[in-house]
Amino acid sequence: MNNIEKAEELLNNGDFAKALSAIRKSKPDEDKGRRLFLKGEALRGLGLFGEALKEYGFARRAIRGNAELELETRLSEVRCNRALGNDKAAVEGARESAALSRKLGVYTEEAELEWALALRLVGKLPEAARLLEKLLKTFKKAGDWSGAAFALWALGGLYRAQGRYEAGINSFEESLKAAKKGKDEAAAGYALFGLGGILRVAGFMGRALDCYVRARKLFSTTDDAFAKAYAECGTSNVLRQLGRLEDSYAGYIRAHKLYSGLSDWADLGFVEWGMGEIKKKNGDFISALAHYRKAAGLFKGRSEPRGEALTQLSLATLYYLRGETAKAERQHDRALKFIRSHGLHTHLETFT
30 MNNIEKAEEL
40 LNNGDFAKAL
50 SAIRKSKPDE
60 DKGRRLFLKG
70 EALRGLGLFG
80 EALKEYGFAR
90 RAIRGNAELE
100 LETRLSEVRC
110 NRALGNDKAA
120 VEGARESAAL
130 SRKLGVYTEE
140 AELEWALALR
150 LVGKLPEAAR
160 LLEKLLKTFK
170 KAGDWSGAAF
180 ALWALGGLYR
190 AQGRYEAGIN
200 SFEESLKAAK
210 KGKDEAAAGY
220 ALFGLGGILR
230 VAGFMGRALD
240 CYVRARKLFS
250 TTDDAFAKAY
260 AECGTSNVLR
270 QLGRLEDSYA
280 GYIRAHKLYS
290 GLSDWADLGF
300 VEWGMGEIKK
310 KNGDFISALA
320 HYRKAAGLFK
330 GRSEPRGEAL
340 TQLSLATLYY
350 LRGETAKAER
360 QHDRALKFIR
370 SHGLHTHLET
380 FT
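Residue numbers for the sequence shown follow our numbering, beginning at 30 and rising by one.
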């Protein structure tokens, strides 16, 4: 078994760091296109989406006459752009991947799934929901429980964005069941993340915290740095709402370090916003304002309208607390206009 074959086996087992090491030991010209693609896959598995995108770009230039590998590479590029909130690149890549998939007759469900998620990313929720529901039936019929778990996870997030908490909770619970049926621990972990998040905004703090604790345990021995950062941030959100502000802030600091290392600026925005909320509750308005401004900058242009909305609403509250009532009213009006233009319900998330 050569290093490329060894890397593929390690990737299939979720050993991303070892896979990256094996790839680096291989000869630079050894099946160059596939080598670069696999390097991107290892980096993506480690949560290093920006670095992975560079390798996929190199891979596509190195691929000669292998349309199927080109499609695999394009799909992975879409996944990275989606994770980073690069909506234009994600939508364009998903559209191109879907066209290439239809032409080749391979990776049909994967391409359709990425197209549905791209639609969800840019707020075309009804269209995305229809496609995800169709794919869910396809995955179940084929006995693809990992695919079903992913589709249900995506639907859960979509329902949450629509304010349909009961439907969202049910989708995440079904996603967890499907993941367990398919013995897919990573899918189970992300289902728990989704469930924890929606239970939190619906007010079920104890159940939400339990979900994050279970997810943290699942990912603790893996190479998935993104999941570890997500666990820290999600847990801190619950602790903040429970009033455990010191514990929450400490978790945000850990999440901040992890997300910064991954160059995941959109998710880092939620960390900055959460830190601002704690500073505001503690009466440190100057620090709170600094965190909110950082959050606003991180969310801008990264397909996170909910994050932008939360930050705008928090700024309005902060201005009011500082006695700047007229400024607070103007800020609140801008926030409501923004929220309604995106079809959100963030202004009603007073429990968040």
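A virtual CB, placed ideally from N, CA and C, is assigned to each residue, including glycine.
If you draw a straight line from the C-alpha of G192 to the C-alpha of K47, how long is it?
Taking the sequence shown and counting its residues from 1, one reaches residue 192 at position 163. Taking the sequence shown and counting its residues from 1, one reaches residue 47 at position 18. Roughly 41 Å separates the two Cα atoms.
Express the C-alpha separation of K356 and R363 in angstroms, rounding to a whole number.
Here residue 363 corresponds to residue number 334 of the sequence shown, with the count starting at 1. Here residue 356 corresponds to residue number 327 of the sequence shown, with the count starting at 1. Taking the straight line joining both Cα atoms gives about 11 Å.
Just reading off the alpha helix (DSSP H) that P57 is part of, what are its end residues?
Counted from its first residue, the sequence shown places residue 57 at position 28. P57 -> no alpha helix (DSSP H), and no H or E assigned at all.
In angstroms with no decimal places, state the Cα-to-Cα distance between A237 and H376.
Numbered from 1 along the sequence shown, position 208 holds the residue referred to as residue 237. Numbered from 1 along the sequence shown, position 347 holds the residue referred to as residue 376. Roughly 21 Å separates the two Cα atoms.
Between the Cα of A384 and those of S55, L344 and Y259, spot the shortest distance and give me the residue it belongs to.
For residue 384 there is no data in the structure shown, the boundaries of the chain being 30 and 381.
Do the segment 331 to 350 and the segment 299 to 314 touch if we need at least three Cβ pairs shorter than 8 Å?
yes
DSSP three-state assignment for T251, whether helix, strand or coil:
Within the sequence shown, the letter at position 222 stands for residue 251. Note: T251 maps to coil in three-state DSSP.
Just to confirm before moving on: does the CB-CB distance between A207 and L181 stay below 8 Å?
Along the sequence shown, read from residue 1 onward, the residue named residue 207 stands at position 178. Along the sequence shown, read from residue 1 onward, the residue named residue 181 stands at position 152. The answer is yes: Cβ separation under 8 Å.
Using the beta-carbon count (16 or more within 10 Å), is E337 buried or exposed?
Taking the sequence shown and counting its residues from 1, the one referred to as residue 337 is at position 308. Classification for E337: buried.
In its own chain, which residues sit with a C-beta less than 7 Å from the C-beta of A140, not counting the 5 before and 5 after it?
If you number the sequence shown from 1, residue 140 lands on position 111. Taken in chain order, the residues that qualify are L104, S126, A127 and S130.
Would you list, in sequence order, the uninterrupted alpha helix (DSSP H) runs of no fewer than 4 residues that lie entirely inside the segment 58 to 125?
61 to 74, 78 to 91 and 96 to 112
What's the C-alpha gap between S289 and G272?
The residue labelled residue 289 in the question sits at position 260 within the sequence shown. The residue labelled residue 272 in the question sits at position 243 within the sequence shown. Spanning the two alpha carbons is a distance of roughly 26 Å.
With a threshold of 6 Å on Cβ separation, who are the neighbours of L40 within its own chain once the five nearest residues in sequence on each side are excluded?
Reading the sequence shown from its first residue, position 11 is the one you call residue 40. Same-chain partners within the cutoff: A48 and E70.
By the 10 Å Cβ neighbour count, where 16 or more other Cβ atoms means buried, how is P334 classified, buried or exposed?
Your numbering for residue 334 matches position 305 in the sequence shown. Label assigned to P334: buried.
Grab me the residues of L158's own chain with a C-beta within less than 7 Å of its C-beta, minus the 5 sequence neighbours each way, in chain order.
Position 129 of the sequence shown holds residue 158. The residue you asked about is not Leu; residue 158 is Ala in the sequence shown. Result list for A158: L184 and L187, in chain order.
Going along the chain, which unbroken runs of the alpha helix (DSSP H) with 4 or more residues stay wholly within the segment 274 to 318?
For the segment 274 to 318, whole alpha helix (DSSP H) runs of length 4 or above, ordered along the chain, are 274 to 291 and 294 to 310.
I33 versus F45, I52, G43 and D44, residue with shortest Cα-Cα distance
Within the sequence shown, residue 33 is the residue found at index 4, counting from 1. For I33, the nearest C-alpha among the options comes from I52.
Taking the C-alpha atoms as reference points, what is the distance between L65 and A324?
As a first step, residue 65 must be located in the sequence shown, where it is residue number 36. As a first step, residue 324 must be located in the sequence shown, where it is residue number 295. So the two alpha carbons sit approximately 34 Å from each other.
Under the three-state reduction of DSSP, which class applies to G235: helix, strand or coil?
Residue mapping note: residue 235 aligns to position 206 of the sequence shown, counting from 1. Correct three-state label for G235: helix.
Euclidean distance between Cα positions of L297 and L327:
Here residue 297 corresponds to residue number 268 of the sequence shown, with the count starting at 1. Here residue 327 corresponds to residue number 298 of the sequence shown, with the count starting at 1. Approximately 7 Å between the Cα atoms of the pair.
Let me know the secondary structure DSSP gives K153 once reduced to three states.
By one-based count along the sequence shown, residue 153 stands at place 124. K153: coil per DSSP, three-state reduction.
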